[in-house]
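Undergrad: Supplied in structure tokens, the structure appears directly below.
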Amino acid sequence: DKLAVIIPAAGVGSRMQAQVPKQYIPLLGKPILVHTLEKLAKLDGVEQFMVAVSKEDSYFTTSLLPDSRFGHCDGGKERADSVLLALRALASSKPDWVLVHDAARPLVALEDIHHLIAKCVNEGQGGILAARVKDTIKCGAELVQKTVPRESLWQAFTPQMFKYEELLAALELGLAQGANITDEASAMELQKKPVQLIAARTDNIKITTPEDLPLAEFIIQQQGK
Ligand code: C5P
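Numbering of the sequence shown is given in UniProt numbering, commencing with residue 5 and proceeding in unit increments.
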């Protein structure tokens, strides 16, 4: 089975309130994007990597790409648009499977990615890394409307892995319908396709706000030990 990896990296990261787009903020001296790409480059059996980069991104250079398996393409307005453009950029190599991983998640454990890949290939079904919700979850605005039973609730992480053709069709249909698609799985769910939940480490955080930065640096130091 041919596997390609897509890295959506075309966000602006407005919640970070930083001078540079968040994927270029350094962690222990190295940009977040480079941490993520170097981690993914360690995966065996990947034919091609496609990084989606914003057209307005003046920080990107191909020298950030770890090796010759990596290419880049334009990103789009929303994350789902960026992933769709990256899928189309991979069309000529027709991978069987595609694994999508946020540039903003440099801390993912390779072991968890290997686990996800093995599960998807063995079952012949797509899946995502996820974790059971730990906190009590409230629904509301200024006041609590209700408490949501958490027994069946999961937090969706990336990577998310699906068959190339199925994800391409699901994203095209979902975006054409104007659906709110915040991850690959939600596009597949709209098409009534199964999505396996693969329990993963909870330190696979998406770096989003300033307080995530020292935490991420600490986790990287621990991982290096
Ligand atoms: O903004 P958020 O943190 O949810 O973005 C998740 C990932 O999707 C990030 O790696 C970001 O760069 C990427 N993204 C993208 N294109 C967009 C918006 C976000 O590739 N239009």
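Backbone N, C-alpha and C fix where the C-beta goes; we use that ideal spot for every residue, glycine too.
Confirm, please, whether the CB-CB distance from T162 to V104 is below 8 Å.
TA: yes
Undergrad: Would you mind sorting N184 into buried or exposed? The rule is 16 or more other CB atoms within 10 Å of its CB.
TA: exposed
Undergrad: So what does DSSP say about P198, is it helix, strand or coil?
TA: coil
Undergrad: Identify every residue that forms a DSSP beta bridge with P35.
TA: P30
Undergrad: When you compare the stretch 11-25 with the stretch 59-79, are there three or more beta-carbon pairs, one atom per stretch, that lie closer than 8 Å?
TA: A contact is defined here as three or more CB-CB pairs under 8 Å, and the stretch 11-25 meets this definition with respect to the stretch 59-79.
Undergrad: If we require 4 or more residues per run, which alpha helix (DSSP H) segments fall completely within the stretch 123-194?
TA: As far as the stretch 123-194 is concerned, its whole alpha helix (DSSP H) runs of at least 4 residues are 168-180, 188-194.
Undergrad: Looking only at C-alpha atoms, which of A204, E146, L111 sits nearest to Q225?
TA: L111
Undergrad: Mapping the DSSP letters down to three states, classify Q23 as helix, strand or coil.
TA: Here Q23 sits in coil by DSSP.
Undergrad: Which complete beta strand (DSSP E) runs does the stretch 72-132 hold, if anything under 3 residues is left out?
TA: 74-78, 101-104
Undergrad: At what residues does the beta strand (DSSP E) containing I11 begin and finish?
TA: 7-12
Undergrad: Between I202 and V102, is the Cβ-Cβ spacing less than 8 Å?
TA: Against a cut-off of 8 Å, the Cβ pair of V102 and I202 comes out as no contact.
Undergrad: Relative to the alpha-carbon of S58, which residue among R83, E51, R73 has its alpha-carbon at the smallest distance?
TA: R83
Undergrad: By DSSP's criteria, Q52 is part of a beta bridge. Which residues make up the other side?
TA: A8
Undergrad: Residues bridged to I57 by DSSP?
TA: For the sequence presented, residue 57 should be read as Val rather than Ile. V57 pairs with D78.
Undergrad: In three-state terms, what does DSSP make of A204?
TA: coil
Undergrad: In the DSSP assignment, find the unbroken alpha helix (DSSP H) run with I224 in it and report its ends.
TA: 216-227
Undergrad: Mark A145 as exposed unless 16 or more other C-beta atoms lie within 10 angstroms of its C-beta, in which case mark it buried.
TA: Sixteen is the threshold: since fewer than 16 other Cβ atoms of the shown chains lie within 10 Å of the Cβ of A145, the residue is exposed.
Undergrad: In whole angstroms, what separates the C-alpha of E193 from that of K229?
TA: 39 Å
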